[in-house]
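Below: one structure, written as structure tokens.
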Ligand code: GAL
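Here it is in structure tokens:
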């Protein structure tokens, strides 16, 4: 049974996307069968009137990788899940979009590895769905971007390979598809010191040689990019492992920057820890140009499968990005 607080939140379903309603979440999200939505570091693809949610499957016992100087808590890499919804409120589990493998620890998708922050974009030219994700070893020394492809949004996705774009490290990442069809991979690079943005090839399956360094020396991760009024906004977190910190946003005239850092988009109590969460994606409203859904993870580092979610409205008001908690939170 959900607690009173949770019920209040469910009741606080707000008219968000014009005729579509989004459920703002702080806590667990259940699918239409009452099962916990297992989709962390998630992203949403809007395709043919349906929202497809993709995220990391976290299950099993959480353990701390020995010998690391940071919060290297892990569960076995569970692959990528997919859920669909027509209203961002009722989610149907569609299965495992990208399955992990077992028995060969040299394979990128082995359960002993790291598969994080999957993001899917649709390529109108090739009619393929392309998934990019962070692939790593458990000590995060591998730092590669993995790519998989499917004919159907829900998969199954066929894994192609992982790469270091232009020889550069790639950890926390997202993909941004611009209105002209160009897609960009945005990732923490250079040992998390600097982010990079790399233009993807026309089929979205490879990095091109065109890339830029952004937020140089600022140590940012958890990128989420969106566009508003011809400007490009990038929300990121600081690097404190699974522990929450203050988000900031930056703005540019193009997806490759240069980005100008503005400040914390969160307002009100809890803003200094992104309301105990870490950014993963920003979904534009299909009807209202200044309204977005800000999606974030509330990590439970000691029991990672118990991590849950924070979904809040994000608005842009004359160039200022605002994320606020809802009444009753
Ligand atoms: C976070 C990152 C997560 C995960 C975690 C591992 O900073 O955003 O995606 O990689 O570190 O500790």
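Numbering (this note's numbering), first residue to last: 2 to 330.
Where a beta carbon is used, it is the ideal one built from N, C-alpha and C, also for glycine.
- Taking all protein chains in view, the Cβ of residue 119 is crowded by 16 or more other Cβ atoms within 10 Å, so the residue is classified as buried.
- With respect to the 8 Å criterion, residue 278 and residue 298 are classified as neighbours on the basis of their beta carbons.
- Taken through DSSP and simplified to helix, strand or coil, residue 235 comes out as strand.
- According to DSSP, residue pairing for residue 312 in a beta bridge involves 26, 296.
- In the DSSP assignment, no residue is bridged to residue 69.
- As the crow flies, the alpha-carbon of residue 91 is around 12 Å from that of residue 36.
- As the crow flies, the alpha-carbon of residue 210 is around 29 Å from that of residue 98.
- Inter-residue distance for residue 314 and residue 269 is about 14 Å (C-alpha atoms, whole angstroms).
- Counting other Cβ atoms within 10 Å of its Cβ, residue 70 stays below 16 and is therefore classed as exposed.
- Taken in chain order, the complete beta strand (DSSP E) segments of 3 or more residues contained in the region 121-176 are 129-137, 145-151, 159-164.
- In the DSSP assignment, residue 322 falls within the beta strand (DSSP E) that extends over 321-325.
- Pairwise C-beta distances place the region 71-83 out of contact with the region 202-217, as fewer than three of them are shorter than 8 Å.
- If you ignore the 5 residues before and after residue 155, its C-beta comes within less than 8 Å of the C-beta of 53, 83, 85, 95, 96, 98, all in its own chain and listed in chain order.
- Here residue 293 is buried, its C-beta having at least 16 other C-beta atoms within 10 Å.
- Within the same chain, and ignoring the five residues on either side of residue 244 in sequence, the residues whose Cβ sits closer than 8 Å to its Cβ are 72, 300, 302.
- A Cβ-Cβ contact shorter than 8 Å links residue 114 with residue 137.
- In the structure shown, residue 248 falls within a coil segment according to DSSP collapsed to helix, strand and coil.
- Relative to the ligand GAL, even the nearest heavy atom lies 7 Å or more away from the CB of residue 268.
- Annotation for residue 132: 119, 121, 149, 158 place their beta carbon closer than 6 Å to its own, counting only its chain and skipping 5 residues before and after.
- In the DSSP assignment, residue 51 forms a beta bridge with 48.
- DSSP, read as helix, strand or coil, puts residue 228 in strand.
- In the assembly as shown, residue 105 is an exposed residue. Its beta-carbon has fewer than 16 other beta-carbons within 10 Å.
- Of all alpha-carbon atoms in 168, 289, 59, 56, the one lying nearest the alpha-carbon of residue 230 is that of 289.
- Taking non-hydrogen atoms of the ligand GAL into account, the C-beta of residue 152 is found less than 7 Å away from none of them.
- Annotation: residue 100 to residue 319 spans about 43 Å, alpha carbon to alpha carbon.
- Within the same chain, and ignoring the five residues on either side of residue 309 in sequence, the residues whose Cβ sits closer than 6 Å to its Cβ are 28, 29, 299.
- Check the Cα spacing between residue 249 and each of 169, 227, 34, 221: the tightest is with 221.
- Relative to the non-hydrogen atoms of the ligand GAL, the Cβ of residue 117 comes within a distance shorter than 7 Å of at least one.
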